[in-house]
Each structure stands twice: as structure tokens, then as C-alpha cells.
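The sequence shown begins at 1 in the working numbering and counts up by one.
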Amino acid sequence: MNLGNMLKQAQKLQEKLAEAQAELGEKTVEANAGGGMVSVTANGRQEIVAVRIVPDVVQQGDVQMLEDLVLSAANAALASARALLQEEMAKITGGLKIPGVNL
């Protein structure tokens with residue numbers, strides 16, 4: 001394979017990665033804590049996009065518990081978002097580790 005072909009393939013891969021990143025912004029994952037009392041939604045770019053809290057949790061007045069539930073749900077949502085990202089990138093790269101592509 002000559003250098004020109006390698007550069008074209010690298011450019012195509014870069015374009016596919018950019019498309020995948022855009023698509024990942026549209027895909028979401030959700031995680032719950034406290035039996036569904038707190039729900040956090042993250043997108044495939046590992047951004048938290050929504051937090052829902054059942055009003056009963058707030059009315060209990062236990063701030064420490066609420067903080068723990070939000071933290072737990074957020075961490076679980078981000079872990080799911082990372083798994084989604086890895087899955088999508090593996091489809092594009094064939095599982096190869098590519099420098100500069102953080103998964």
C-alpha cells in the first residue's frame with residue numbers, strides 16, 4: 001500500500017469518526033438509583049443531559065441520601081455512555097487502538 005492510499009484511508013476513518021461522534025450525541029443511556037427515585041440520562045458523548053428526581057425523595061429532607069443517589073445514578077449513566085462509545089468506535093475501527101482516539 002502506498003502513502004497516498006494510506007492517507008486516503010486515514011481521512012475516511014477520520015470522517016467516519018466525526019460522523020459517529022455526531023450520532024453519539026443523539027443516542028442516550030439512562031441509569032437509576034434508589035429503586036428509580038433518581039434517574040440520570042447521558043448521551044454518547046458522555047454528557048449528562050437530564051436528571052429526574054421523584055418528589056418524595058426531596059420531601060424526605062435527607063440531603064445526604066439525595067446527593068448519594070444522584071452521584072450513583074450519574075456515575076452509572078456515564079459508565080453506560082462510555083460502553084456505548086466504545087461499542088460504536090469498535091464498529092468503525094474494527095477494535096484497533098488508534099492514537100488520538102480516546103475511548
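A virtual CB, placed ideally from N, CA and C, is assigned to each residue, including glycine.
Three-way DSSP call (helix, strand, coil) for residue i in this model
| i | result |
| --- | --- |
| GLU26 | coil |
| ASN2 | coil |
| LEU103 | Confidence is the limiting factor: at LEU103 the pLDDT is only 49, short of 50, which leaves the residue's position unreliable, though a coordinate-based value still follows. Coil, per DSSP. |
Residue of the options minimising C-alpha distance to residue i
| i | options | result |
| --- | --- | --- |
| GLY36 | VAL29, LYS91, ARG52, ARG82 | ARG52 |
| VAL49 | GLU19, ALA20, GLU87, THR28 | THR28 |
| ALA90 | VAL38, ALA31, LEU17 | LEU17 |
| ARG45 | GLU15, ALA79, ASP68 | ALA79 |
The stretch 10–23 contacting the stretch 69–79, beta-carbon criterion three pairs below 8 Å: no
Is it true that the stretch 20–33 meets the stretch 54–62, where meeting means three or more beta-carbon pairs spaced less than 8 Å apart? no
Please specify which runs of the beta strand (DSSP E), each continuous and at least 3 residues long, are wholly inside the stretch 10–75, giving them in chain order. 28–33, 38–43, 48–53
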